[in-house]
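Colleague: These protein sequences, in sequence, are chains C and H. Under this note's numbering, think of the first position of the first sequence as 1, with each following residue one higher. Under this note's numbering, think of the first position of the second sequence as 514, with each following residue one higher. Glycine included, each C-beta is placed from N, C-alpha and C at the ideal position. Dropping a structure here in structure tokens format, bear with me for questions.
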Amino acid sequence: MEEDNTVAESAGRSVWGSKLGFILAASGSAIGLGNIVFFGSNAYRYGGGAFYVPYFVALFALGIPMMIVEMGLGQTQRAAFPAAMNKTTGKKGEFFAWWSLLNAIVIAMYYITLLAWVGTMMVKSFGPLFDDGVGKTFGSVLGSWTPMVWVFIIWALNAVFLSRGTATIEKTVKVFVPLMWAFMLMLVVRGLTLKNGLQGVWYLFTPNFAGIQDASVWQGAFSQMFFSLSLGLGTMTAYASYLPRKADVVTNGAMVSFMNCGFEFVAGLAIFSMLFSFSLQPTASTLGMSFVVVPTGIGHFPAAQSLFAGMFFFLLLIAGLTSSISIIESPVAALKDKFGWSRSKSLTLVSVFGIAGSLVFALPMMLEKGGADGAPLGISLLDLTDHWAFGYSLLVVGLVEALFIGHIYGAGKLRVQLNENARFKLPRYFDTHIKYVVPALVSIVLLFVILKELNISVGWLGLEGKGFYQGDGPFDGLAWLPKLIFAVWLLLTVGGSFILTRTGGYEHEGGAS
Amino acid sequence: MKLASQYPVVGQPTTIQLDAPSKEVTITYQPGAPIAKTQVLETGGQLQVQWTPERPGVASVAADGGSQNVSIKFDGTPGLGVVIFIIAGCVLFGGAAICLKALFAAPELENE
Numbered sequence: 001m002e003e004d005n006t007v008a009e010s011a012g013r014s015v016w017g018s019k020l021g022f023i024l025a026a027s028g029s030a031i032g033l034g035n036i037v038f039f040g041s042n043a044y045r046y047g048g049g050a051f052y053v054p055y056f057v058a059l060f061a062l063g064i065p066m067m068i069v070e071m072g073l074g075q076t077q078r079a080a081f082p083a084a085m086n087k088t089t090g091k092k093g094e095f096f097a098w099w100s101l102l103n104a105i106v107i108a109m110y111y112i113t114l115l116a117w118v119g120t121m122m123v124k125s126f127g128p129l130f131d132d133g134v135g136k137t138f139g140s141v142l143g144s145w146t147p148m149v150w151v152f153i154i155w156a157l158n159a160v161f162l163s164r165g166t167a168t169i170e171k172t173v174k175v176f177v178p179l180m181w182a183f184m185l186m187l188v189v190r191g192l193t194l195k196n197g198l199q200g201v202w203y204l205f206t207p208n209f210a211g212i213q214d215a216s217v218w219q220g221a222f223s224q225m226f227f228s229l230s231l232g233l234g235t236m237t238a239y240a241s242y243l244p245r246k247a248d249v250v251t252n253g254a255m256v257s258f259m260n261c262g263f264e265f266v267a268g269l270a271i272f273s274m275l276f277s278f279s280l281q282p283t284a285s286t287l288g289m290s291f292v293v294v295p296t297g298i299g300h301f302p303a304a305q306s307l308f309a310g311m312f313f314f315l316l317l318i319a320g321l322t323s324s325i326s327i328i329e330s331p332v333a334a335l336k337d338k339f340g341w342s343r344s345k346s347l348t349l350v351s352v353f354g355i356a357g358s359l360v361f362a363l364p365m366m367l368e369k370g371g372a373d374g375a376p377l378g379i380s381l382l383d384l385t386d387h388w389a390f391g392y393s394l395l396v397v398g399l400v401e402a403l404f405i406g407h408i409y410g411a412g413k414l415r416v417q418l419n420e421n422a423r424f425k426l427p428r429y430f431d432t433h434i435k436y437v438v439p440a441l442v443s444i445v446l447l448f449v450i451l452k453e454l455n456i457s458v459g460w461l462g463l464e465g466k467g468f469y470q471g472d473g474p475f476d477g478l479a480w481l482p483k484l485i486f487a488v489w490l491l492l493t494v495g496g497s498f499i500l501t502r503t504g505g506y507e508h509e510g511g512a513s
Numbered sequence: 514m515k516l517a518s519q520y521p522v523v524g525q526p527t528t529i530q531l532d533a534p535s536k537e538v539t540i541t542y543q544p545g546a547p548i549a550k551t552q553v554l555e556t557g558g559q560l561q562v563q564w565t566p567e568r569p570g571v572a573s574v575a576a577d578g579g580s581q582n583v584s585i586k587f588d589g590t591p592g593l594g595v596v597i598f599i600i601a602g603c604v605l606f607g608g609a610a611i612c613l614k615a616l617f618a619a620p621e622l623e624n625e
């Protein structure tokens, strides 16, 4: 392999310039906003150190095996998610892969809106962030036009980082991922040196076993693992499709999973030491933790609050960017594979739709003055879209992927292919695990999610919008909104997948690509 | 409301000073979590009440006049917490180190 980052081409497909480049890109993809704040929030809710029991079970039973399957699919087929699923499991598999990628585009739309808010808050860090309280400042950010400009900036940055495929992705992650770790370690040192900061660490790790007796804790840990590793989005398949044929996917998959969870571990130290020192209560939402709780804690620092706040938001920004480029690369690579388009054409198309979508998510917040009146439209649009596109699609795709690869393509066939180059060979049990254990685990998690969603007196919470609007009140004059969001999401993703599956064809099918 | 210490220690009594009379003081350990636990202290009409924290961590102390959060310290270093911290760190970073070593022990692959 060349170490100079030039784009190596293999049968028209670019490949990673170095092993390190792929590891940094894949781990940067997995480590996002959620890793920084969401793990700590879950650990707080579910019994501190006791949460590590289901968390480790989830890592070894679900996270690493599915990571290996997703990467293995891309590397063995040398194709993005839909083409790889088409080659291995036929049109039905391709349909679900497109569904996953269309959900990925929807997720990229609001994820970049979040990054636009992060960018605005980062600039505010060196100005009036703490003057009226962080919550009020965040409200004013949401209500301003500045995030609209940041939407364009973030999409432009993504386009630049993806412009030359693996070459530019690699250059980006070689700067951003080490920087991310360095900034996080600085926050850890600052947290631990706060008054009673170390007590926060003991608080994080000391188990309350009452927590893990509750089934929802296990569901929380398994969901966390799936979402944290970005499984079911097709991102790892796209990235692994640029690996050389003799790359060791088994070790790479495990490596990326460990690095992702290791980052959560370190982030937990930083967040918990600060929360304990300032007696702050974590919230269940990434939004609340990222934009209010943690910055409020930083505001209590004895000195250099602006510097640390700026560093925290910059950390969120680069963690978000390394994830967003992978989410966008996934459909870009898939469109190239399917229609034989150039990278710039695919990227332009995805970016134009993406910018429009990101503005749709940012605009209502601005019109509603950033939540001064509760922001029913903005909050519910974001939360409900996330509820369907993120909360359901990843799990459904993960389930289908395990079933299709396990039973149609054959888990054993994939295992043999991967073991050819693996330093640590997958055991025969891997086949049973992918065919039966993973589907069973994901089905149970899905069942829990559905049971939680179904309320006897209300019906489907997501369709009624209950629990998605501040104050849990009715959607005054907007009762139709949750159903409309669901219908639009379903129409766009399912309808789009149907069209994309039926249109064109791949070379291996004798199609026009 | 004022607490004798912002960092009371679990199992060691501390004093809560109320600004206004309140029938009771409610302590919520790990507020907002599904495993939250509530402890109610009867004030007997007094403005001062003794409280012995039962669980370490963040807790909310609420009375009629308002509420505030407090961080309850461990009584010493919690052995189990230290053990889990070490095991979790070793599994995650040890796992990553083993994989890294295995990946870089092999020569760089040629692009076909």
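Under 8 angstroms Cβ to Cβ from C:Trp-145, same chain only, skipping five residues before and after it: list those, please.
Modeller: So the qualifying residues of the chain are Met-366.
Colleague: At what residues does the alpha helix (DSSP H) containing C:Thr-193 begin and finish?
Modeller: Neither: C:Thr-193 is in no alpha helix (DSSP H) and is coded neither H nor E.
Colleague: Should C:Gln-470 go down as buried or exposed, given a rule of 16 or more other Cβ atoms within 10 Å for buried?
Modeller: Reliability fails at C:Gln-470, whose pLDDT of 44 lies under 50, so the model's placement of it is uncertain and no value is given.
Colleague: Can you give, in chain order, each stretch of the alpha helix (DSSP H) that sits fully within the stretch 284–312 of chain C and has at least 4 residues?
Modeller: Listed in chain order, they are 294–299.
Colleague: Under a CB-based cut-off of 8 angstroms, is C:Val-251 close to chain H?
Modeller: According to the sequence displayed, residue 251 of chain C carries Thr and not Val. By this cut-off, C:Thr-251 is an interface position.
Colleague: Could you name the residues of the stretch 576–587 of chain H whose beta carbon sits closer than 7 angstroms to any beta carbon of chain C, in the order they occur along the chain?
Modeller: So the close ones are Asn-582, Val-583, Ser-584, Lys-586 and Phe-587.
Colleague: Of the residues that make up the stretch 91–117 of chain C, which ones have a beta carbon closer than 7 angstroms to any beta carbon in chain H?
Modeller: Those residues of the stretch 91–117 of chain C that come within reach of chain H (Cβ to Cβ, closer than 7 angstroms) do not exist; the list is empty.
Colleague: Give the interface partners of H:Val-523 over in chain C, defined as CB-CB distance under 7 angstroms, in chain order.
Modeller: Near H:Val-523 there are no residues of chain C at all, since even the closest Cβ is about 11 angstroms away, more than 7 angstroms.
Colleague: What does the alpha-carbon distance come out to for the pair C:His-407 and C:Lys-91?
Modeller: Cα-Cα distance, rounded: 15 angstroms.
Colleague: Using a Cβ-Cβ distance cut-off of 8 angstroms, determine whether C:Asp-431 contacts chain H.
Modeller: Not one chain H Cβ lies under 8 angstroms of C:Asp-431.
Colleague: Figure out for me which residue from C:Tyr-110, C:Ser-230, C:Pro-65 and C:Pro-82 has the closest Cα to the Cα of C:Pro-364.
Modeller: Nearest C-alpha to C:Pro-364: C:Tyr-110.
Colleague: Which same chain residues end up closer than 6 angstroms to H:Gly-524 when comparing Cβ atoms and leaving out the 5 residues on each side of it in sequence?
Modeller: Excluding residues within five positions, the ones whose Cβ falls inside 6 angstroms are Asp-588.
Colleague: C:Pro-147 and C:Ala-108: beta carbons closer than 8 angstroms?
Modeller: Cβ atoms of C:Pro-147 and C:Ala-108: not closer than 8 angstroms.
Colleague: To which residues of the same chain is C:Asp-386 closer than 7 angstroms at the C-beta, ignoring the five residues directly before and after it?
Modeller: Tyr-110, listed in sequence order.
Colleague: DSSP three-state call for C:Leu-62: helix, strand or coil?
Modeller: C:Leu-62: helix per DSSP, three-state reduction.
Colleague: Express the C-alpha separation of C:Ser-358 and C:Val-352 in angstroms, rounding to a whole number.
Modeller: Their backbone Cα atoms lie some 10 angstroms apart in a straight line.
Colleague: Among C:Arg-502, C:Phe-308 and C:Arg-343, which has the Cα closest to the Cα of C:Gly-127?
Modeller: Here the closest residue by C-alpha is C:Phe-308.
Colleague: Could you tell me which chain C residues have their CB closer than 8 angstroms to the CB of H:Gln-519, listed as they occur along the chain?
Modeller: By Cβ distance, chain C contributes Ser-279.
Colleague: What span of residues does the beta strand (DSSP E) with C:Ser-14 cover, start to end?
Modeller: Run containing C:Ser-14: 13–15, per the beta strand (DSSP E) assignment.
Colleague: What in chain C is Cβ-close to H:Gln-530, meaning under 9 angstroms?
Modeller: Chain C residues near H:Gln-530: none, gap ~17 angstroms exceeds 9 angstroms.
Colleague: Measuring straight from C-alpha to C-alpha, what distance separates C:Leu-347 and C:Met-236?
Modeller: Roughly 18 angstroms separates the two Cα atoms.
Colleague: Cβ atoms of H:Leu-516 and H:Pro-534: under 8 angstroms apart, would you say?
Modeller: In this structure, H:Leu-516 does not lie closer than 8 angstroms to H:Pro-534 by Cβ.
Colleague: Under 8 angstroms between beta-carbons, which chain H residues line up against C:Pro-207? List them in chain order, please.
Modeller: Those are Leu-593, Gly-594 and Ile-597, listed as they occur along chain H.
Colleague: Have a look at C:Ser-41, C:Ile-154, C:Gln-417 and C:Lys-171 and flag the residue whose alpha-carbon is nearest the alpha-carbon of C:Leu-24.
Modeller: If we check each option's Cα against that of C:Leu-24, C:Lys-171 comes out closest.
Colleague: For C:Ala-479, does the count of other Cβ atoms within 10 angstroms reach 16, so buried, or fall short, so exposed?
Modeller: With fewer than 16 Cβ atoms within 10 Å of its Cβ, C:Ala-479 is classed as exposed.
Colleague: Could you tell me the alpha carbon to alpha carbon distance between C:Phe-227 and C:Asn-419, rounded to whole angstroms?
Modeller: Going from the Cα of C:Phe-227 to the Cα of C:Asn-419 covers about 27 angstroms.
Colleague: State the Cα-Cα distance for the pair C:Trp-99 and H:Glu-537, rounded to the nearest angstrom.
Modeller: Their backbone Cα atoms lie some 55 angstroms apart in a straight line.
Colleague: Measure the C-alpha to C-alpha separation of C:Gly-262 and C:Ala-26 and round it to an integer number of angstroms.
Modeller: The alpha-carbon atoms of C:Gly-262 and C:Ala-26 are separated by roughly 14 angstroms.
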